[in-house]
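Numbering (my numbering), first residue to last: 117 to 1060.
Built from N, CA and C at the ideal position, the CB exists for glycine as well.
Being a predicted model, the structure only gives us computed values, none of them experimental.
Just below is one structure, and these are the notes that go with it.
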């Protein structure tokens, strides 16, 4: 009820000046145009654009004609610029050199800040293949984080609600940058950054670059996702938003299970409740007759200090809700009127609760007589509480020739999971079990991007520099797993060692630092009728990861554990703690104690250095033809310190040493003002992650799967080809058709180690692979009735990704195919690829009343999640048909603008399912759950 009260308070709350703001672009290269003059026709009111080509003019409400001029360029008049009371009107215009225009141009259209028009113009003029989302289009769909929004970009899919796949390729083939700079990892088990930690109230836009240019790092193949932070506004702007979400199957549910909260869980950070309560370096051994009195006492006291709660508590689940606040303003210095300093501040908070009452997971084994059979099945309930806290602070100074900005971003996430599962083992280990699991993961990403841009002389050249120290931490804190062995009628309960494992406690820590330095120089050139620029630069990226893990088992001596009655909390009850009684044999005393400590194969340090240099030329031969040719050199090294399973140690060992030259060619033919034909070739690489290029042996405590590092893993290399036709019409209409082909050498995949260990996975190189696809995008206005418009925004991708199997894998599959009487090819699907992706959005807009409503559909085809081995089949995720509805209404007041948004997510209530597939035949279910439907209501207030 408290959330509903907040909503009504925000709706009923009633505080603006009006101005014309915008950006002026150079028609030759789509770069910002500094020093351009902007004036209101018939008045003496005007401004000069700054180094970013931006301007602001304060005016009274009314309709104006705005004049844009610059020496050597044709003058542009933009008429019918309507300025409403207490509103900011944003316009964007492109000036062209006089040699290309014989007379002034009169433009009668306008464009809104961050609108699709601005983004489409960026796509149209970009030297590389770019797709993206403006913050306006994100708001239309009602997405609260980047993961929810970016799946609407052509060729983009999102796995697990947070990890981005571009053009059907896995997360290793995509790269995420913040303001153009790389970030450290946030997950020991993934190759990319989880997108759900980035709230949309911090960003200006999202750009997905699908083809290479020399200034971009070469370690991407699918695409580079660049998240651009907000810039400051010219006038005071303050925004508050609040959203509450309700899932009928998950929220206000009294059967919800969770961990006991610490006092600071609400802000995504544990207060120390889940810390290791004793010296982290200590290893505890099993009780034996030779244990000393001191060691016995330390063992007892350490066991006593452990948190007693091993069984999730039952409580009433809460709503989803998020809150955001942002403030921005700019101040002009009175002396020259051109120098400006501005700030941006934003804070976001989000809490999400999910409750799955139909969670299912199974492991299978293949037997000669019975084929694929379940070996282990787990099903039950799964509760999750995710809390996010984000902070952005930024200060920027700029004048007509210089811009310097300093930003601070901090993203905090706390994820608490609780599971209660019924287990059943078949075939080799026939048993029944009851499992309780509690986990808490704390993540933090902190970055301080600093940058500057300077125009030297009379636009002789520009210098752009960036520096970003960043740090990420991940702490898995007190992962508690307890499994009681029982029977079908539950007549007894025993704990380990049982067919699965003893009760366990796990702590893991990941600390990763990243330092990025980048220098770019652009030199404009004019040779006869050829114009363009030469770009050169260098960058250095240093990363270092420290990872360690401590695992402890709970042992009850002797094994007579029936006294617990199946209650996990009884295991560490005071009366059940093992104590060494004076004058007795330690083996004769009863009770629970801990064993274990630091895991030698789960402790490692990795470092990587990437030094890069590039040179590129962008030449415009005529109004219709442009070329971009570049070369980039990268020197990449990865060093490892740790120990493998056999006891071999590595001390700063050089695992990867790559020196490569990467070329790229982009050709752009523009038959007219509205269309482009693009052709490009570029070479890229996909490098192993820290955990893949290692000797470590890591456990995923939730899925009970293991990952074995591979010191012999190599970087993959890819030759990429793109061909694209794009047409840009009126009123944000556009059509694009893209063809692409990628050829892989030594592609990297995650695969089962062997059929004897179906839960053990590793990274390995295969021989080669190919990816070919087609992308189609259409934005079309379907109907206009007075102030009411209907339009469609759709994109479809079809992809064929084939992997040539190595000899061992092929022979193993061939043997199975012969037994089944089927034929197989030497090729199979590439891991992580989706054969198709479909996004369709239908939007209705009533411009006078400022009402918008839309339906958004998204689906991707069956995707190879895990590559099988021998008798262990491949695992494919099933298509998930997602349909969302969003509607919003804007209320404009004298001092306050209010926006109310209603959203329904997953209207079709589809299930998330993955299946085992052998010889192209779907067999047993691997994993499934129902996310349900979520209804949300949000309010946004903007003050000026």
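- Two segments are said to touch when three or more pairs of C-beta atoms, one from each, lie closer than 8 Å; by this definition the stretch 361-370 touches the stretch 434-441.
- Residue 996 carries a coil assignment under DSSP once its states are collapsed to helix, strand and coil.
- Within the stretch 851-902, the runs of beta strand (DSSP E) at least 3 residues long that lie entirely inside it are, in chain order, 864-870, 873-881, 884-901.
- DSSP places residue 761 outside any beta strand (DSSP E), giving it a letter other than H or E.
- The alpha carbon of residue 424 has as its nearest neighbour, out of 693, 882, 811, 855, the alpha carbon of 693.
- Straight-line measurement puts the Cα of residue 297 at about 7 Å from the Cα of residue 584.
- Listed in chain order, the non-local C-beta contacts of residue 421 below 7 Å within the same chain comprise 393, 394, local neighbours out to five positions each way being set aside.
- In the same chain as residue 938, and ignoring 5 residues on each side of it, the C-beta atoms closer than 7 Å to its own belong to 1035, in chain order.
- The Cβ atoms of residue 491 and residue 501 do not sit closer than 7 Å to each other.
- Non-local beta-carbon contacts of residue 1024 in its own chain, meaning distances under 6 Å to residues more than five positions away in sequence, involve 997, 999 in chain order.
- Around the beta carbon of residue 963, fewer than 16 other beta carbons lie within 10 angstroms, which makes this residue exposed.
- As computed with DSSP, residue 624 is found in a beta bridge with 592, 665.
- Looking at the backbone, the Cα of residue 362 and that of residue 947 are separated by about 35 Å.
- It is roughly 6 Å from the alpha-carbon of residue 190 to the alpha-carbon of residue 212.
- Looking from the CA of residue 517, the closest CA among 897, 579, 562, 702 belongs to 579.
- Per DSSP, the continuous beta strand (DSSP E) segment holding residue 1030 begins and ends at 1028-1034.
- Between residue 783 and residue 802, the CB-CB gap reaches or exceeds 7 Å.
- Under the Cβ criterion (8 Å, minimum of three pairs), the stretch 727-747 counts as touching the stretch 645-665.
- For residue 283, there is no enclosing beta strand (DSSP E), as DSSP marks it with neither H nor E.
- Scanning its chain for C-beta atoms nearer than 6 Å, with the 5 sequence neighbours on each side dropped, one finds around residue 1058 the residues 355, 1013, in chain order.
- In the DSSP assignment, residue 735 falls outside any alpha helix (DSSP H) and lies within the beta strand (DSSP E) extending over 720-736.
- A straight line joining the alpha-carbon of residue 955 with that of residue 391 spans about 44 Å.
- Residue environment: residue 546 is assigned as exposed (fewer than 16 neighbouring CB atoms within 10 Å of its CB, all protein chains considered).
- The shortest CA-to-CA distance from residue 966 to any of 1016, 942, 990, 929 is the one to 1016.
- Shown here, residue 927 sits in a helix according to DSSP, grouped into three states.
- A Cβ-Cβ separation of about 7 Å places residue 728 in contact with residue 333 under the 8 Å criterion.
- Here residue 548 is not near residue 605, since their CB atoms are 7 Å or more apart.
- About 7 Å separates the beta carbon of residue 618 from that of residue 611, a gap short enough to meet the 8 Å contact definition.
- Residue 935 counts as exposed, since fewer than 16 other beta carbons sit within 10 angstroms of its beta carbon.
- Judged by DSSP secondary structure, residue 412 falls within the alpha helix (DSSP H) whose first and last residues are 409-421.
- Judged by beta-carbon spacing, residue 791 lies beyond the 7 Å limit of residue 720, meaning their Cβ atoms are not closer than that value.
- Spatial neighbours of residue 1006 in its own chain (CB-CB distance under 6 Å, excluding positions within 5 residues in sequence) are listed in chain order as 966, 1015.
- Membership of residue 478 in the beta strand (DSSP E) is indicated by the continuous run 456-483.
- Only buried fits residue 755, as 16 or more other CB atoms lie within 10 angstroms of its CB.
- Between the C-alpha atoms of residue 592 and residue 553 there is a straight-line separation of about 13 Å.
- By the Cβ criterion, the stretch 411-421 is not in contact with the stretch 321-331, since fewer than three pairs of Cβ atoms, one from each stretch, lie closer than 8 Å.
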